[in-house]
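Structure first, commentary second.
Number of protein chains: 2
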Amino acid sequence: MGIHRENGRLFIRIFNSNTLTNILANLKAAANMVDDPVLLVKSALSDVEPDRFKFIDGFPVIKKALGWVIFDCTCRKGENISVVELSPVRGKINRRLIKPVNRGFNAVIEAAIHATRYVGLKEEEYLRQIEYCNTIVQKCGGAREKEAMKLMYELIGYKEIQ
Amino acid sequence: MGIHRENGRLFIRIFNSNTLTNILANLKAAANMVDDPVLLVKSALSDVEPDRFKFIDGFPVIKKALGWVIFDCTCRKGENISVVELSPVRGKINRRLIKPVNRGFNAVIEAAIHATRYVGLKEEEYLRQIEYCNTIVQKCGGAREKEAMKLMYELIGYKEIQ
Numbered sequence: 201m202g203i204h205r206e207n208g209r210l211f212i213r214i215f216n217s218n219t220l221t222n223i224l225a226n227l228k229a230a231a232n233m234v235d236d237p238v239l240l241v242k243s244a245l246s247d248v249e250p251d252r253f254k255f256i257d258g259f260p261v262i263k264k265a266l267g268w269v270i271f272d273c274t275c276r277k278g279e280n281i282s283v284v285e286l287s288p289v290r291g292k293i294n295r296r297l298i299k300p301v302n303r304g305f306n307a308v309i310e311a312a313i314h315a316t317r318y319v320g321l322k323e324e325e326y327l328r329q330i331e332y333c334n335t336i337v338q339k340c341g342g343a344r345e346k347e348a349m350k351l352m353y354e355l356i357g358y359k360e361i362q
Numbered sequence: 201m202g203i204h205r206e207n208g209r210l211f212i213r214i215f216n217s218n219t220l221t222n223i224l225a226n227l228k229a230a231a232n233m234v235d236d237p238v239l240l241v242k243s244a245l246s247d248v249e250p251d252r253f254k255f256i257d258g259f260p261v262i263k264k265a266l267g268w269v270i271f272d273c274t275c276r277k278g279e280n281i282s283v284v285e286l287s288p289v290r291g292k293i294n295r296r297l298i299k300p301v302n303r304g305f306n307a308v309i310e311a312a313i314h315a316t317r318y319v320g321l322k323e324e325e326y327l328r329q330i331e332y333c334n335t336i337v338q339k340c341g342g343a344r345e346k347e348a349m350k351l352m353y354e355l356i357g358y359k360e361i362q
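Same order as they appear, the protein sequences are chains P and F.
When we follow our numbering, the leftmost residue of the first sequence carries the number 201, and every step to the right adds one.
When we follow our numbering, the leftmost residue of the second sequence carries the number 201, and every step to the right adds one.
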């Protein structure tokens, strides 16, 4: 989920979802910065296994994240979409990396976004977009990116044609 | 330019170009890892200003790069495309960052690739792809990504419609 910064304040825009329900119930959220494409796909399209989390002040963060930030949340609820302001209360950097651009990795992210829409709306156009991203993954990605695409196709119930 | 790793060996595939001519003449190349979208666009579509380089063993690298590696090169010349094997001889990490995924930044990269093809082939389809990337940049990118897109439109001689 993308965090927007405007004049030094942090916001997310979020559709009605379990995530929003959780935020409204707890008024807390964590942002985990991760660089594993398989984990990204899993968190976008299914549930991340409980043993991948550890608890900080009773709040779950991902153990293998590059870093995380826990926020206090203020919500402006909308009919379909709500705006949540995020105020950082605690954060940790686990690892700093030098990471060259990887078009394959980036294509997994774009495909995952199309996949969440495909799951909701079942429109063929999203499959076409996922297939396009997959051609980039197969050309530019490493083993982990290819594994992420395989998992994505499984999670959206689509038999990959290759 | 993407570097591929196969069984621990590093390769680039490269079309006939000034870059290939330079590599064949010197049998050396440098990979600069950069995270500034404006600099990426500039290096893809025009020349980076000389004062942005410093010299390491007589070889230019980008001062503001996150890091760089200088390679000895072995070329297998092809008619249109050549394969260059890269053997690292010296490298430096200047900065390690924790960098969350930014779809806007990633979209600048994809757009720059379409732009290099548009400049060569002048096919409208590439403009359409650049425009699609630009919608992501305008939605998800920061000021630097938007500036990079503006520069890209200038460098390809296309009047952006917004």
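A virtual CB, placed ideally from N, CA and C, is assigned to each residue, including glycine.
Taking only beta-carbon atoms, is residue i less than 7 angstroms away from chain P?
i                 : result
Leu-266 (chain F) : yes
Arg-296 (chain F) : yes
Gln-269 (chain F) : Before going on, a small fix: residue 269 (chain F) reads as Val here, not Gln. Not an interface residue.
Ile-309 (chain F) : yes
Gly-291 (chain F) : no
Val-301 (chain F) : yes
Cys-273 (chain F) : no
Gly-202 (chain F) : yes
Just reading off the alpha helix (DSSP H) that residue i is part of, what are its end residues?
i                 : result
Gly-304 (chain P) : 303-321
Arg-328 (chain F) : 324-340
Arg-296 (chain F) : It is not in any alpha helix (DSSP H) - Arg-296 (chain F) carries neither H nor E in the DSSP assignment.
Pro-237 (chain F) : 237-245
Leu-351 (chain P) : 343-355
What residue range does the beta strand (DSSP E) around residue i cover?
i                 : result
Ile-256 (chain F) : 253-256
Lys-228 (chain F) : 228-233
Glu-206 (chain P) : 204-206
Leu-210 (chain P) : 209-215
Pro-260 (chain P) : 259-262
Gly-278 (chain F) : Counting along the chain, Gly-278 (chain F) falls outside any beta strand (DSSP E), and DSSP gives it neither H nor E.
In angstroms with no decimal places, state the Cα-to-Cα distance between residue i and residue j.
i                 : j                 : result
Val-308 (chain F) : Gly-342 (chain F) : 11 angstroms
Thr-383 (chain P) : Ala-348 (chain P) : The requested residue 383 (chain P) is not part of the displayed model; chain P covers only 201 to 362.
Lys-277 (chain F) : Gly-208 (chain F) : 22 angstroms
Cys-333 (chain P) : Glu-345 (chain P) : 11 angstroms
Val-301 (chain F) : Asn-280 (chain F) : 35 angstroms
Val-337 (chain P) : Asn-306 (chain P) : 8 angstroms
Gln-362 (chain P) : Ile-212 (chain F) : Residue placement at Gln-362 (chain P) cannot be trusted, given a pLDDT of 49 that sits under 50; what the coordinates show is reported in the next sentence. Looking at the two C-alpha atoms, the distance is approximately 25 angstroms.
Ile-256 (chain F) : Val-289 (chain F) : 12 angstroms
Lys-254 (chain F) : Met-352 (chain P) : 44 angstroms
Tyr-326 (chain F) : Gly-304 (chain P) : 19 angstroms
Met-233 (chain P) : Val-248 (chain P) : 14 angstroms
Glu-331 (chain F) : Pro-250 (chain P) : 41 angstroms
Leu-245 (chain P) : Val-319 (chain F) : 38 angstroms
Ser-217 (chain P) : Ile-223 (chain P) : 10 angstroms
Glu-310 (chain P) : Ser-243 (chain P) : 14 angstroms
Ala-315 (chain F) : Gly-357 (chain F) : 10 angstroms
Trp-268 (chain P) : Lys-299 (chain P) : 18 angstroms
Gly-202 (chain F) : Gly-258 (chain P) : 42 angstroms
Ala-312 (chain F) : Asn-226 (chain P) : 42 angstroms
Val-284 (chain F) : Glu-323 (chain F) : 29 angstroms
Against chain F, does residue i count as a neighbour if the rule is that its beta carbon must be under 7 angstroms from one of theirs?
i                 : result
Asn-232 (chain P) : no
Ile-356 (chain P) : no
Cys-333 (chain P) : no
At least 3 beta-carbon pairs within less than 8 angstroms: the stretch 253-269 of chain F vs the stretch 291-306 of chain F: In this structure the stretch 253-269 of chain F lies against the stretch 291-306 of chain F, because at least three pairs of beta carbons, one per stretch, are closer than 8 angstroms.
Would the stretch 250-262 of chain P and the stretch 221-239 of chain P be scored as touching if the rule is three or more Cβ pairs under 8 angstroms? Under the 8 angstroms Cβ criterion, the stretch 250-262 of chain P counts as touching the stretch 221-239 of chain P, having at least three qualifying pairs.
Positions along the stretch 207-223 of chain F whose CB lies within less than 7 angstroms of some CB in chain P: none
Just by C-beta distance, which residues in the stretch 305-329 of chain F are closer than 9 angstroms to chain P? Phe-305, Asn-306, Ala-307, Ile-309, Glu-310, Ile-313
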